[in-house]
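Start counting at 1 in the sequence shown, then tack on 35, and there's your number in the numbering used here. No residue lacks a Cβ here, since even glycine has one placed at the ideal position from N, Cα and C. One structure is given here, and the rest of the page talks about it.
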Amino acid sequence: MKTGAQNLLQLNEKEAGIAIPIPEREHADLVRQPPKRALVRRTTDALQLRSRDAITGLENGREELLAGLAAPQAWIASKYFYDSLGSQLFDAITQLPEYYPTRTEAAILTRHIDDISRAVGIGRNLIDLGAGNCAKAANLFGALKPDRYVAVDISADYLEIALARLRHQFPGLDMTGLALDMSEGFSLPDSVPEARRLFFYPGSSIGNFTPAEAAGFLSDLRRQCQQQGGLLIGVDLIKDKAILDAAYDDALGVTAAFNLNALNNVNAVLGSDFDVGEWRHCGFYNQAMSRAEMHVETRLAVDVQWPGGSRRFAAGERIHTENSYKYSLEDFGALLRRTGFRNVTAWTDQRNWFALFYATA
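Spelled out as structure tokens, the structure:
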């Protein structure tokens, strides 16, 4: 069933995608405290890797984890997916037949790269949020010809390997890595020029924030865009529940391994004794909340202990590990305008499963 925005825009079903100007709406400005500045450390001559709060090893999450495990509905922040193994598992997820976002987004970029490059312009300072293996941004280098590339990701080890590989492919491009937890806000180092910043946030990771958190995060990005800045962002659109259920619970069990690996990372931080074999993966689309959810669920009643505490989980009890909110074209365009962006344009695939938005600061 098409959303109201899709009916209004009358997308051509024969096209793989179409550029859609999103109508303006007026909203009050959102106010949020500016994020903390990143600390700096140098790793190799070819790469600067900056890390705040030692998030590179997820070491400083003890208080957050204890609060989540003590909550009536236990939860673990989704950043605990992303040690080096978790990053590799997520790369594998993106290649699964059930997981449409990566290939759909890539197809939109391929088909509309000329339009996107005209809208964005060349010679930008390209800031890749949630860079992972940096492959998505690297595919833009030829068309956008960035002056500088800044890769931001939570996994320092994985990011360092990816950037070292990328530097061999593009030896003339100035590259920097920022290893940090974006969920708590971030600011760019002084070495990144303020002019012509392009934030690139692909893969629908914006959906991991609640709508209120997403608004705060986008407001932060808008402030950091500075002169002639912009945002190119991927957004997963609302669609049939069966498609989303399969995307978050694949037949091979790769998503299950990715989800359960968070328990290993919790053990590493807390010194807890989660036994992965006592838990199973649950992934599904919650239509009422317009979000995909992931949980780990006990197979039987289990007692989990850590230094200074413990919790008994009943059989079938769940720990909530991730949300991925889905949007309509109209709603996400309105969110961008509400957070200070303008000149909003979207490119979609033929089925309207996914969208790439570009907006200026």
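Item                                                                                                                                                                                          : Value
Please go through the same chain and pick out, in chain order, the residues whose beta-carbon is closer than 8 Å to the beta-carbon of Glu313, but skip the five residues on each side of it. : Thr333, Arg334, Leu335, Val337
Just to confirm my understanding: we take Asp126, look at its own chain, exclude 5 residues before and 5 after, and list those with CB closer than 8 Å. What are they?                        : Gly167, Asn168
What is the DSSP secondary structure of Cys260, counted as helix, strand or coil?                                                                                                             : helix
According to DSSP, simplified to helix, strand and coil, what is Glu352?                                                                                                                      : coil
Note the first and the last residue of the continuous alpha helix (DSSP H) segment covering Glu219.                                                                                           : From DSSP, Glu219 is part of no alpha helix (DSSP H); its letter is neither H nor E.
So is His203 buried or exposed if we call it buried at 16+ other beta carbons inside 10 Å?                                                                                                    : exposed
With Asp280 as the anchor, note down where its alpha helix (DSSP H) starts and where it stops.                                                                                                : 276-282
With a threshold of 6 Å on Cβ separation, who are the neighbours of Ala327 within its own chain once the five nearest residues in sequence on each side are excluded?                         : Leu279, Tyr283, Tyr320, Ser359
Since Ile273 is in the beta strand (DSSP E), which residue starts that stretch and which ends it?                                                                                             : Looking at the DSSP string, Ile273 is not in any beta strand (DSSP E), and its letter there is neither H nor E.
Just confirm the distance between the C-beta atoms of Leu198 and Ala214, as a whole number of angstroms; I'd bet it's less than 8 Å.                                                          : Not a contact, Cβ separation roughly 10 Å.
For the segment 208-227 against the segment 175-185, are there 3 or more C-beta pairs whose distance is under 8 Å?                                                                            : yes
So, helix, strand or coil for Ser239, using DSSP?                                                                                                                                             : coil
Considering only residues of the same chain and omitting the five flanking positions on each side of Ser218, which have a CB-CB separation below 6 Å?                                         : none
Rounded to whole angstroms, how far is the Cβ of His355 from the Cβ of His316, which I believe are closer than 8 Å?                                                                           : So it is not a contact: roughly 12 Å between Cβ atoms.
So the beta strand (DSSP E) Phe319 belongs to, where does it begin and stop?                                                                                                                  : 314-321
On a CA-only basis, which of Val227, Ile148, Asn160, Pro132 is nearest Asp285? Give me that one, please.                                                                                      : Pro132
Between Ser190 and Ser122, what straight-line distance do the alpha-carbon atoms span, to the nearest angstrom?                                                                               : 8 Å
May I have the straight-line CA-CA distance separating Val379 from Gly265, to the nearest angstrom?                                                                                           : 10 Å
Could you tell me which residues DSSP puts in a beta bridge with Asn378?                                                                                                                      : The partner list for Asn378 (beta bridge, DSSP) is empty, contrary to what the question assumes.
Please determine, among Gly368, Glu248, Arg258, the residue with the shortest C-alpha to C-alpha distance to Leu233.                                                                          : Arg258
Using only CA atoms, which one of Arg346, Phe367, Arg386 lies nearest to Gly103?                                                                                                              : Arg346
Please state whether the Cβ-Cβ distance between Leu272 and Ala170 is less than 7 Å.                                                                                                           : no
In whole angstroms, what is the alpha-carbon distance linking Ser254 and Asp225?                                                                                                              : 20 Å
For Gln322, is the classification buried or exposed, using 16 other Cβ atoms within 10 angstroms of its Cβ as the cut-off for buried?                                                         : exposed
Between the C-alpha atoms of Phe376 and Thr395, what's the straight-line distance to the nearest angstrom?                                                                                    : 6 Å
In three-state DSSP terms, what is Thr333?                                                                                                                                                    : strand
Given this structure, state the Cα-to-Cα distance separating Ile196 from Gln108, to the nearest angstrom.                                                                                     : 37 Å
How far does the beta strand (DSSP E) with Thr395 in it reach, from first residue to last?                                                                                                    : 389-395
With a CB to CB cut of under 7 Å and the five nearest residues on each side skipped, what residues in its chain are close to Leu256?                                                          : Phe234, Leu266
Return yes when the C-beta of Ser113 is under 6 Å from any heavy atom of the ligand NAP, and no when it is not.                                                                               : For the ligand NAP, the structure offers nothing, since it holds no ligand at all.
Is it right to say Gly96 is buried, meaning 16 or more other beta carbons lie within 10 angstroms of its own, or is it exposed?                                                               : buried
Would Phe176 pass as a contact of Ile268 if the rule is Cβ separation under 7 Å?                                                                                                              : no
Whose C-alpha, out of Asp216, Ile148, Ala281, is nearest the C-alpha of Gly240?                                                                                                               : The identity of residue 240 in the sequence shown is Ser, whereas the question assumes Gly. Ranking Asp216, Ile148, Ala281 by Cα distance to Ser240 puts Asp216 first.
Counting C-beta neighbours from all protein chains within 10 Å, is the total for Gly158 16 or more, i.e. buried, or is it exposed?                                                            : exposed
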